[in-house]
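Residue numbers (this note's numbering), protein chains in the order written: chain X, 1 to 167; chain V, 1001 to 1167.
Number of protein chains: 2
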Amino acid sequence: MTGHHTLRQTEDAIGDRLGGLNVDFEAMWAVSNIYRASSAIRNHLEQTVLRDTGLTWTGFVVMWVVWIWGESETRHVAAEAGISKSTLTGVLKTLESYRHLRRFPHPTDRRRVMLELTASGERLMRSLFPDFNRQEAFVVKELDSEQRRGLADSLRKIVQHLESTER
Amino acid sequence: MTGHHTLRQTEDAIGDRLGGLNVDFEAMWAVSNIYRASSAIRNHLEQTVLRDTGLTWTGFVVMWVVWIWGESETRHVAAEAGISKSTLTGVLKTLESYRHLRRFPHPTDRRRVMLELTASGERLMRSLFPDFNRQEAFVVKELDSEQRRGLADSLRKIVQHLESTER
DNA sequence: GAGCGCTTGTTCGGGACCGAATATTTCGAC
DNA sequence: GTCGAAATATTCGGTCCCGAACAAGCGCTC
């Protein structure tokens, strides 16, 4: 007896518990499986790609954003990484202590702070990325090409729908 | 000038930045959109259903697990909620202080700790659930029934694939 | 029944995380 | 030019989060 349940058993338990109620199960399975998949993937990538790099998941995401967009303003990076400004401040403190990234002042607006990768940060991202993408491919290994595109499309619709209704 | 990018612009920037490299874009769009959608959904549910309840996302998930499965052992709840045992210890301390949930000893094994909702915790879940499910339906509003099922199916495949290769 | 692996939950240290409050800077109105 | 409103990053307090170290209990072997 391991105490560990499969996803199938979990879904059965939910169905049993909510049997009498008026529930939109299709919506529930879609949403709850997004959350489950996201946790499982993050966990997998932390244990494979990020293990031994000294980077946390969020630290990696922040560096990824700066890598992709080039030098950036902090509020842009926070939004893109999906974290609050105050969280970013703390993460930057960590990343700066590793010398992976540096702050510098905005040329004209003294309120703003700009970010860029250092040479070592740039090198780290270049070395991590192939392994990262290889693990992404591993994650969707059981899906065929059409399913992968369909998955991305459906998720894109959800994100855009929520983006359009926020604020 | 808002500093805010749409998902489309972000994907374009990534394509530009990685243009020359050998990248599995299908895998990348699928995986990165799972993460984005998950963040957006969690954020949305926190701002709607959980606002004014005093519950954090994780606190809600823990209570949800105990609600669905009935009285449970802590290691089971931690696994099902997707958090570590040590995190659960801290969250339980918070939830117990709210009197939403209580610990009690396992009948035969004195190492183990059991959990159950209090009457007020049970009442809270019953009152929150309809609104929660309504918001889940809102999240997938732009998808038709077939897309919702396909989305859940693909995500289930990913979770099961990662479950089967862990350890 | 003593010893020894194994399982279990907690503690500990350090980082991530958020909203609210704060300090600084910008910009428009006048 | 000066005042006030808006925008910006940081600080602060409290919670979440993890892995490693720990303490306690179980169960097997002998």
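In this text, a Cβ means the ideal position worked out from N, Cα and C, and glycines have one as well. Predicted model only: the values in this text are computed from it and were never measured.
#1: Just checking: is the beta-carbon of X/Arg110 within a distance shorter than 7 Å of some beta-carbon in chain V?
#2: Mind pulling the chain V residues with CB within less than 9 Å of X/Leu95?
#3: Report the three-state DSSP secondary structure of V/Arg1103 (helix, strand or coil).
#4: Could you pull the DSSP bridge partners for X/Leu115 from this structure?
#5: Taking a cut of 8 Å between CB atoms, which residues from the segment 72 to 105 of chain X lie near chain V?
#6: Tell me, please, whether the CB atom of V/Gln1009 is closer than 7 Å to any CB atom in chain X?
#7: Going along the chain, which residues of the segment 1121 to 1148 of chain V sit with their C-beta nearer than 7 Å to a C-beta in chain X?
#8: Between the segment 1011 to 1025 of chain V and chain X, which residues of the former have CB atoms less than 7 Å from a CB of the latter, in chain order?
#9: I need the DSSP call for V/Gln1160, collapsed to helix, strand or coil.
#10: Where do the N-terminal and C-terminal ends of the alpha helix (DSSP H) with X/Arg8 fall, by residue?
#11: Check the Cβ of X/Leu115 against every Cβ in chain V and list those closer than 7 Å, keeping chain order.
#12: Using three-state DSSP, classify X/Asn22 as helix, strand or coil.
#13: Tell me which residue opens and which closes the alpha helix (DSSP H) that V/Lys1093 is part of.
#14: Going by C-alpha to C-alpha distance, which of X/Ala30, X/His5 and X/Glu11 sits closest to X/Ile158?
#15: Give me the chain V residues within the contact set of X/Ala30, using Cβ-Cβ distance strictly less than 7 Å, ordered along the chain.
#16: If contact is defined by three or more beta carbon pairs under 8 Å, each pair taking one atom from either stretch, is the segment 1031 to 1047 of chain V in contact with the segment 35 to 45 of chain X?
#17: Which residues in the same chain have their Cβ closer than 8 Å to the Cβ of X/Thr58, if we skip the five residues on either side of it in sequence?
#18: Under the rule that 16 or more other beta-carbon atoms within 10 Å means buried, what is X/Glu136, buried or exposed?
#19: Among V/Arg1112, V/Ala1152, V/Gln1047 and V/Leu1128, which residue has its Cα nearest to the Cα of V/Ser1171?
#20: Taking Cβ-Cβ distances shorter than 8 Å, what residues in chain X pair up with V/Ala1027?
#21: For the candidate residues X/Asp12, X/Asp52 and X/Thr165, whose alpha-carbon lies nearest to that of X/Leu128?
#22: Taking only beta-carbon atoms, is X/His161 less than 7 Å away from chain V?
#23: Just tell me which of V/Glu1026, V/Gly1054, V/Met1114 and V/Ala1013 has its CA closest to the CA of V/His1076.
#24: Give the C-beta separation of X/Arg99 and X/Ser120 to the nearest angstrom, bearing in mind that I take them to be a contact with Cβ-Cβ under 8 Å.
#25: Classify X/Leu143 as helix, strand or coil using the three-state DSSP reduction.
#26: Is the segment 8 to 27 of chain X close to the segment 1138 to 1157 of chain V, with three or more CB pairs under 8 Å?
#27: Would you say V/Leu1155 faces chain X, with C-beta separation under 7 Å as the test?
#28: Against chain X, which members of the segment 1043 to 1068 of chain V pass a CB distance test of less than 7 Å?
#29: Run down chain X in chain order and give the residues with a C-beta less than 7 Å from the C-beta of V/Ala1119.
#30: Cβ of V/Ser1154 within 7 Å of Cβ of X/Leu143?
#31: Give me the residue from V/Ser1097, V/Glu1116 and V/Leu1095 with the minimum Cα distance to V/Pro1105.
Checking against the coordinates, here is how it stands:
#1: Position 110 of the first sequence, counting from 1, holds the residue named residue 110 of chain X. At a cut-off of 7 Å between beta carbons, X/Arg110 makes no contact with chain V.
#2: Within the first sequence, residue 95 of chain X is the residue found at index 95, counting from 1. In chain order: nothing, as chain V lies at least about 19 Å away.
#3: Residue mapping note: residue 1103 of chain V aligns to position 103 of the second sequence, counting from 1. If DSSP states are grouped into helix, strand and coil, V/Arg1103 belongs with the strands.
#4: Stepping through the first sequence from its first residue, residue 115 of chain X is reached at position 115. DSSP, once it has assigned bridges, lists X/Ser72 and X/Arg103 as partnering X/Leu115.
#5: Look at the segment 72 to 105 of chain X: the residues with a C-beta under 8 Å from a C-beta of chain V are Glu73, Arg75, His76, Ala79, Glu80 and Gly82.
#6: For the purposes of this step, residue 1009 of chain V is taken as residue 9 along the second sequence, with counting starting at 1. Not one chain X Cβ lies under 7 Å of V/Gln1009.
#7: Asn1133, Glu1136, Ala1137, Val1139, Val1140, Lys1141, Glu1142, Leu1143, Ser1145, Gln1147 and Arg1148
#8: For the segment 1011 to 1025 of chain V, which is checked against every Cβ of chain X, the residues closer than 7 Å are Ala1013, Ile1014, Arg1017, Val1023 and Asp1024.
#9: For this step, residue 1160 of chain V is matched to residue 160 along the second sequence. Per DSSP, reduced to three states, the secondary structure at V/Gln1160 is helical.
#10: Locating residue 8 of chain X in the first sequence gives position 8, where the first residue counts as 1. Leu7 to Arg17 is the extent of the alpha helix (DSSP H) around X/Arg8.
#11: Residue mapping note: residue 115 of chain X aligns to position 115 of the first sequence, counting from 1. The premise fails here: X/Leu115 is roughly 13 Å from chain V at the closest Cβ pair, so nothing lies under 7 Å.
#12: Along the first sequence, one-based indexing puts residue 22 of chain X at 22. Three-state DSSP puts X/Asn22 in coil, outside helix and strand.
#13: Translated into the one-based positions of the second sequence, residue 1093 of chain V becomes position 93. Segment Lys1085 to Ser1097, the alpha helix (DSSP H) holding V/Lys1093.
#14: If you number the first sequence from 1, residue 158 of chain X lands on position 158. Checked all of X/Ala30, X/His5 and X/Glu11; the closest Cα to X/Ile158 is X/Ala30.
#15: The residue you call residue 30 of chain X lines up with position 30 of the first sequence. What X/Ala30 touches in chain V: Val1140, Arg1148, Leu1151 and Ala1152.
#16: yes
#17: For the purposes of this step, residue 58 of chain X is taken as residue 58 along the first sequence, with counting starting at 1. Same-chain partners within the cutoff: Ala81, Ile83, Thr87 and Val91.
#18: For the purposes of this step, residue 136 of chain X is taken as the residue at position 136 of the first sequence. Buried: at least 16 other Cβ atoms inside 10 Å.
#19: Here chain V covers residues 1001 to 1167 and nothing more, so residue 1171 of chain V does not appear.
#20: As a working note, residue 1027 of chain V is residue 27 in the second sequence. Result: Asn133, Glu136, Ala137, Val139, Val140 and Arg148.
#21: Start at 1 with the first residue of the first sequence, and residue 128 of chain X comes out as number 128. Comparing Cα-Cα distances from X/Leu128 to each of X/Asp12, X/Asp52 and X/Thr165, the minimum goes to X/Asp52.
#22: Here residue 161 of chain X refers to the residue found at position 161 of the first sequence. Answer yes: the Cβ-Cβ gap between X/His161 and chain V drops below 7 Å somewhere.
#23: As a working mapping, residue 1076 of chain V is identified with position 76 in the second sequence. Per the Cα distances, V/Met1114.
#24: By one-based count along the first sequence, residue 99 of chain X stands at place 99. By one-based count along the first sequence, residue 120 of chain X stands at place 120. Indeed they touch by this definition, with Cβ atoms about 6 Å apart.
#25: Translated into the one-based positions of the first sequence, residue 143 of chain X becomes position 143. Coil at X/Leu143, not helix or strand.
#26: yes
#27: Mapped onto the second sequence, residue 1155 of chain V falls at position 155. Interface residue, yes.
#28: His1044 and Ile1068
#29: Translated into the one-based positions of the second sequence, residue 1119 of chain V becomes position 119. Against chain X, a Cβ distance below 7 Å from V/Ala1119 picks out nothing, because the smallest value is about 17 Å.
#30: Position 154 of the second sequence holds residue 1154 of chain V. Position 143 of the first sequence holds residue 143 of chain X. Yes, these two residues count as a Cβ contact at 7 Å.
#31: Here residue 1105 of chain V is taken as the residue at index 105 of the second sequence, counted from 1. Minimum Cα distance to V/Pro1105 is reached at V/Glu1116.
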